[in-house]
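> Pasting in a structure now, in structure tokens, and then I'll have a few things to ask.
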Amino acid sequence: MTKHKDVTERLQQLNPALAYSARKVLDVNKSERHIRGGLATREKYLHQQEQRKK
50 MTKHKDVTER LQQLNPALAY SARKVLDVNK SERHIRGGLA TREKYLHQQE
100 QRKK
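If you count the sequence shown from 1, you need to add 49 to reach our numbering.
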């Protein structure tokens with residue numbers, strides 16, 4: 050099984066309060082990951098431009 054499945058499904062049965070907290074963290078991560086991906090892509094291309102100038 051996967052960690053994500055453990056956190057989202059199994060934890061709900063074992064400890065609902067902890068599952069709620071974990072869900073909040075996962076939701077924040079999901080809402081921000083496209084921003085981190087965009088920043089990583091920007092850094093990648095900036096680094097490539099610097100390499101070409103040398």
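Cβ atoms here follow ideal geometry from the backbone N, Cα and C, with glycine treated the same way.
For the alpha helix (DSSP H) that K102 lies in, which residues bound it at each end?
Taking the first residue of the sequence shown as position 1, residue 102 is located at position 53. Its alpha helix (DSSP H) spans residues P65 to K102.
> Secondary structure at T57, three-state DSSP: helix, strand or coil?
Translated into positions along the sequence shown, residue 57 becomes position 8. Helix.
> Under 9 Å between C-beta atoms, does R91 make it to chain B?
You won't find chain B in this structure, because it holds only one protein chain.
> Less than 9 Å between the beta carbons of A71 and T57, yes or no?
Residue mapping note: residue 71 aligns to position 22 of the sequence shown, counting from 1. Residue mapping note: residue 57 aligns to position 8 of the sequence shown, counting from 1. Yes. Within cutoff.
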